[in-house]
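A short worksheet on the structure shown next.
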Amino acid sequence: MTTHFDDRGYYERVSGPVEALLSLQDVKRQVCVKHSDDDDILQRLIGTATEFLDGPSGCLGQALVTQVWRCAWSRPPCGNQKLKLPCGPVQKIESASYFDTDGNEHSIDPAKLWLLRRSSETKVFPGTGFAWPSMSDHPEALSITFTVGYGSSADVPSDIIHAAHLMVGNWYEHREPVVVGTIASELPLSAQRLIDKNRVGWVSG
Numbered sequence: 000m001t002t003h004f005d006d007r008g009y010y011e012r013v014s015g016p017v018e019a020l021l022s023l024q025d026v027k028r029q030v031c032v033k034h035s036d037d038d039d040i041l042q043r044l045i046g047t048a049t050e051f052l053d054g055p056s057g058c059l060g061q062a063l064v065t066q067v068w069r070c071a072w073s074r075p076p077c078g079n080q081k082l083k084l085p086c087g088p089v090q091k092i093e094s095a096s097y098f099d100t101d102g103n104e105h106s107i108d109p110a111k112l113w114l115l116r117r118s119s120e121t122k123v124f125p126g127t128g129f130a131w132p133s134m135s136d137h138p139e140a141l142s143i144t145f146t147v148g149y150g151s152s153a154d155v156p157s158d159i160i161h162a163a164h165l166m167v168g169n170w171y172e173h174r175e176p177v178v179v180g181t182i183a184s185e186l187p188l189s190a191q192r193l194i195d196k197n198r199v200g201w202v203s204g
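Sequential numbering of the sequence shown, starting at 0, is according to numbering that gives the first Met the number 0.
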């Protein structure tokens with residue numbers, strides 16, 4: 000589990016996708032490979048492309064295949080304050096909890112929390128008749144677990160899938176060392192255009 004921290008709290012993936020963004024069979028068809036000698040190489044490139052694209056730390060700023068994330072805020076919200084979630088598209092809130100001013104943990108009914116979905120961000124806030132309760136100054140004053148992603152790999156937009164195929168095909172053809180932090184300058188122009196088209200920025204709230 001990878002945890003990402005900032006000055007307002009942290010977010011972490013609780014469970015990853017149950018299927019890969021690209022199947023090995025589809026990639027082999029794309030690069031016209033019939034033998035299995037390079038299966039390990041192709042699987043590794045699929046993983047690298049997925050890591051580069053997927054999740055709040057990916058260049059798209061969105062989750063692709065369904066996964067579950069948890070976000071915790073160290074700064075208690077108040078009233079009906081809206082809080083930004085680290086990535087979309089958010090399917091639903093699974094659970095929520097907070098620490099009261101005495102340091103005791105309580106659950107919040109997910110049905111009392113509403114989602115405001117926009118193309119660039121998703122915010123969570125108290126629904127009608129509910130407000131954020133008083134919370135303690137705790138590293139996890141408020142925690143929300145949510146399911147995010149388009150669904151299965153078949154539900155991910157086709158141009159994102161195609162961009163991933165172009166990335167894997169380009170790396171496989173050139174067989175150069177692939178390091179996630181240096182990928183951007185090595186992308187095919189066609190893949191970069193598809194990525195730019197689907198890129199979503201976010202700022203945690």
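A virtual CB, placed ideally from N, CA and C, is assigned to each residue, including glycine. Model, not experiment: these values are computed from the prediction.
With the cut-off set at 8 Å, would you say residue i and residue j are in Cβ contact?
i, j, result
"Leu20", "Ser152", "yes"
"Gln61", "Cys86", "yes"
"Leu112", "Pro125", "yes"
"Trp68", "Phe145", "yes"
"Val147", "Val64", "no"
"Leu23", "Asp37", "no"
"Gly8", "Ala71", "yes"
"Asp158", "Leu193", "yes"
"Leu52", "Trp170", "no"
"Pro156", "Asn103", "no"
"Pro138", "Ser56", "no"
Just how far apart, CA to CA, sit residue i and residue j?
i, j, result
"Ser106", "Val123", "16 Å"
"Leu114", "Ser142", "15 Å"
"Ser119", "Val199", "5 Å"
"Phe98", "Asp108", "14 Å"
"Ser135", "Arg12", "25 Å"
"Gly204", "Thr121", "Residue placement at Gly204 is flagged as unreliable, the pLDDT there being 40, under the threshold of 50; a coordinate-derived value is accordingly withheld."
"His34", "Asn79", "58 Å"
"Ala140", "Leu59", "29 Å"
"Gly150", "Glu172", "30 Å"
"Leu188", "Asp195", "10 Å"
"Leu186", "Gln29", "17 Å"
"Thr2", "Arg174", "31 Å"
"Pro16", "Gln66", "5 Å"
"Arg117", "Tyr10", "20 Å"
"Lys91", "Thr100", "28 Å"
"Pro75", "Gln191", "39 Å"
"Lys83", "Gly54", "15 Å"
"Glu93", "Ser14", "13 Å"
"Thr127", "Lys81", "13 Å"
"Glu18", "Ser96", "29 Å"
Below 8 Å on the Cβ atoms is my guess for residue i versus residue j; work out the distance and round it to an integer in Å.
i, j, result
"Val167", "Val26", "6 Å"
- Item | the stretch 156-163 in contact with the stretch 47-61 per 3-pair CB rule at 8 Å | These segments touch.
- Message: Which runs of the beta strand (DSSP E) at least 3 residues long sit entirely within the stretch 118-161? Give them in chain order.
- Response: 121-125, 141-147
- Message: Runs of 3 residues minimum, wholly inside the stretch 8-55: which ones carry the beta strand (DSSP E) assignment?
- Response: Whole beta strand (DSSP E) segments, 3+ residues: 8-14.
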